[in-house]
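Undergrad: One structure coming up, written as structure tokens, with questions to follow.
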Amino acid sequence: MDLHHVRIVLLDQNGQATRQITSLITAIQAVRYQLVTVTEVAQALDILATQRIDVVIVALTAHVDELNWLQTIRSKAPICPVIVYAEDTDESIALHALHSGAHDYVLTSDLSPSVFQRTIRYARAIVAQSVAEQQVQALTLALATAMSAAQQLEQNLDVAIHEIQTPMSILLGYIQLFERRVASWGGIPLRERQMLNTMRLQTIHISRLVSILLDSTQMATNYGKLERRPLELGAVLRAVVASIQGMRAPHLLVLRLPEVAVWIDGDYGRLMQIFHNLLLNALKYSDLHSEITLTLRADGQIIVQDYGIGIPSNALPKIFNQFFRASNAQLQGGTGYGIGLAVVQDLVQQHDGTITVTSELGSGTTMTVQFPCTLRPNRLVELPTLINELDEVLIRQRSLS
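All residue numbers for the sequence shown refer to our numbering, where the first residue is 103 and numbers rise by one.
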């Protein structure tokens, strides 16, 4: 659409509007307006069907059918802006015209070159927005159809993502090793050091995206079968805190454990993932050096409490939805795809547990997880098995950090 050459159809029964608008557009130098005047709605429809028209102006008189003309023009040319031009200042007529399909309403007494140009720009902007919304709806429908078809590929995608994770972890390890060696050599130009740092950061970013994609696909298939066995929750939480502290997080992590051991039937790797995600969220949305507490109670309840930005009350019901992020979390910036808490809730439910959240905006958030406890088993899992599982979890956490 040419912003400097605007073609207008003016539907004017008595010719008074034609004279005024012609005089008006003659005085405008920045935009070239081409005015086509008709006296019947049928003539306007014929022109709209055969020519490129940018705007339709309907001059209202006392004719009873004029408001019906608006509806007819809007139905025949839905993407063409329609402006009502009138001498009457009756607000009810203006509202009726807008409800009948007009995009804007201008009075003769208010009309000036600047008002005329602003009115046309506004009407065209409304139509452009409407067209964009329709395109978004069409794309959303197409996306939903594509996602439905993609469900058939989930199993193969899951395997492919697993295959990507291993070389990415190896690549990141070699980059970090090379960085340490380069640092010991000395005399490496700043540009080459920046390139190496960029490689490391991009590898970490890809690893995070791979992990997020893996989590989202696994949620659709309930993560396969959980490898549940008797586990002592205190030991799991100590391992989680140790992994977070290994990332040199600039916060005070406080772990509170009961005097008695708390046993549950759980998947070690998935439990690590649950509390790793919860602590990372607390770190992300808390001030540096603030305190974050992780408390285990004897009844199997685990509480993660921070004193960060908090969650708006209207966002709390949606906080566990996939791809949802609260407005203040988006404003704070940082990376995030709104899938971490959805994964956490799904994994907690897979363990027959529950998770709830309480929060006060600006004062922090408390996540409460409740698992069903079991008795201490007579025979514990062999140590080599747990060591292998811990290695796998640490590799996954390094890709997320």
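C-beta: ideal position from N, C-alpha, C; glycine also.
Rounded to whole angstroms, what's the CA-CA distance from Val158 to Ser429? Just pull it up for me.
TA: The residue labelled residue 158 in the question sits at position 56 within the sequence shown. The residue labelled residue 429 in the question sits at position 327 within the sequence shown. The alpha-carbon atoms of Val158 and Ser429 are separated by roughly 40 angstroms.
Undergrad: To the nearest angstrom, how far is it from the Cα of Val362 to the Cα of Leu339?
TA: Start at 1 with the first residue of the sequence shown, and residue 362 comes out as number 260. Start at 1 with the first residue of the sequence shown, and residue 339 comes out as number 237. Roughly 14 angstroms separates the two Cα atoms.
Undergrad: Have a look at Gln375, Trp365, Ser271 and Pro352 and flag the residue whose alpha-carbon is nearest the alpha-carbon of Ala341.
TA: Taking the sequence shown and counting its residues from 1, the one referred to as residue 341 is at position 239. Answer by Cα proximity: Gln375.
Undergrad: Counting only the same chain and skipping the five closest in sequence on each side, list residues whose C-beta sits under 7 angstroms from that of Ile181.
TA: Numbered from 1 along the sequence shown, position 79 holds the residue referred to as residue 181. The residues are Val229 and Val233.
Undergrad: Relative to the C-alpha of Glu393, which residue among Asn379, Gly410, Arg399 and Asn383 is closest?
TA: The count along the sequence shown starts at 1 and reaches residue 393 at position 291. From the listed residues Asn379, Gly410, Arg399 and Asn383, the smallest Cα separation to Glu393 is found for Gly410.
Undergrad: What do you reckon, are the CB atoms on Tyr187 and Ala199 nearer than 7 angstroms?
TA: Taking the first residue of the sequence shown as 1, we reach residue 187 at position 85. Taking the first residue of the sequence shown as 1, we reach residue 199 at position 97. In this structure, Ala199 does not lie closer than 7 angstroms to Tyr187 by Cβ.
Undergrad: From Ser345, Val111, Thr395 and Arg478, pick the residue whose C-alpha is nearest to that of Gln183; which is it?
TA: On the sequence shown, position 81 is the one that residue 183 refers to. As written in the sequence, residue 183 is Pro, which differs from the Gln given in the question. Selected option, being the one with the closest Cα: Val111.
Undergrad: On a CA-only basis, which of Thr467, Arg427, Leu381 and Leu373 is nearest Gln451? Give me that one, please.
TA: Counting from one through the sequence shown, the residue named residue 451 turns up at place 349. For Gln451, the nearest C-alpha among the options comes from Leu373.
Undergrad: What separation, rounded to the nearest whole angstrom, lies between the Cα atoms of Thr395 and Asn423?
TA: By one-based count along the sequence shown, residue 395 stands at place 293. By one-based count along the sequence shown, residue 423 stands at place 321. Near 25 angstroms, if we compare the C-alpha coordinates of Asn423 and Thr395.
Undergrad: Leaving aside the five residues before and after Ala400 along the sequence, list all residues of the same chain whose C-beta is less than 7 angstroms from its C-beta, in chain order.
TA: The residue you call residue 400 lines up with position 298 of the sequence shown. Contacts found: Pro360, Val362 and Val364.
Undergrad: Between Arg109 and chain D, is there a C-beta pair that is closer than 7 angstroms?
TA: Of the chains in the structure shown, none is chain D; there is only one protein chain.
Undergrad: Name, in chain order, the residues that DSSP records as bridge partners for Met469.
TA: As a first step, residue 469 is located in the sequence shown; it is residue number 367 there, counting from the start. Per DSSP, Val406 and Val459.
Undergrad: Look at the alpha carbon of His205 and the alpha carbon of Ala225, and state the distance between them as a whole number of angstroms.
TA: Residue 205 sits at position 103 when you count from the first residue of the sequence shown. Residue 225 sits at position 123 when you count from the first residue of the sequence shown. Those two C-alpha atoms are separated by around 5 angstroms.
Undergrad: Grab me the residues of Val140's own chain with a C-beta within less than 8 angstroms of its C-beta, minus the 5 sequence neighbours each way, in chain order.
TA: For this step, residue 140 is matched to residue 38 along the sequence shown. The residues are Val111, Leu112, Leu113, Asp114, Ala146 and Ile149.
Undergrad: Just tell me which of Val445, Gln403, Val356 and Ala119 has its CA closest to the CA of Gln472.
TA: Within the sequence shown, residue 472 is the residue found at index 370, counting from 1. Closest by alpha carbon: Gln403.
Undergrad: Where does Val284 sit, in a helix, a strand or coil, going by DSSP?
TA: Residue numbering aside, residue 284 sits at position 182 when the sequence shown is read from its first letter. Reduced to three states, the DSSP call for Val284 is helix.
Undergrad: Output needed for His107: all residues of its chain with C-beta closer than 6 angstroms, excluding positions within five of it in sequence on either side, in chain order.
TA: One-based indexing of the sequence shown puts residue 107 at position 5. Once the five neighbours on either side are set aside, the close Cβ partners of His107 are Arg134.
Undergrad: Rounded to whole angstroms, what is the Cα-Cα separation between Leu381 and Thr456?
TA: For this step, residue 381 is matched to residue 279 along the sequence shown. For this step, residue 456 is matched to residue 354 along the sequence shown. Just so you know, the alpha carbons of Leu381 and Thr456 end up roughly 17 angstroms apart.
Undergrad: Use the C-beta contact count for Gly117: other C-beta atoms within 10 angstroms, 16 or more gives buried, fewer gives exposed.
TA: Along the sequence shown, one-based indexing puts residue 117 at 15. Under this definition Gly117 is an exposed residue.
Undergrad: Is it buried or exposed, Trp287, if we count other Cβ atoms within 10 angstroms and call 16 or more buried?
TA: Residue mapping note: residue 287 aligns to position 185 of the sequence shown, counting from 1. Exposed is the call here.
Undergrad: Could you tell me which whole alpha helix (DSSP H) segments of length 4 or greater appear in the segment 103-133?
TA: 118-128, all fully within the segment 103-133.
Undergrad: To the nearest angstrom, report how far apart Leu328 and Leu449 are at their CA atoms.
TA: In the sequence shown, counting from the first residue as 1, residue 328 sits at position 226. In the sequence shown, counting from the first residue as 1, residue 449 sits at position 347. For Leu328 and Leu449, the distance between alpha carbons rounds to 9 angstroms.
Undergrad: Would you mind working out which of Ala196, Pro332 and Ser216 sits nearest Arg478, comparing C-alpha positions?
TA: The sequence position of residue 478 within the sequence shown is 376, counting from 1. With distances taken between Cα atoms, Arg478 lies closest to Pro332.
Undergrad: Determine whether the beta carbon atoms of Pro352 and His391 lie at a separation below 7 angstroms.
TA: For this step, residue 352 is matched to residue 250 along the sequence shown. For this step, residue 391 is matched to residue 289 along the sequence shown. Yes.
Undergrad: By alpha-carbon positions, which one of Leu126, Arg283, Met270 and Pro291 ends up nearest to Gln304?
TA: Here the question's residue 304 lines up with position 202 in the sequence shown. Of the listed residues, the one whose Cα sits closest to Gln304 is Met270.
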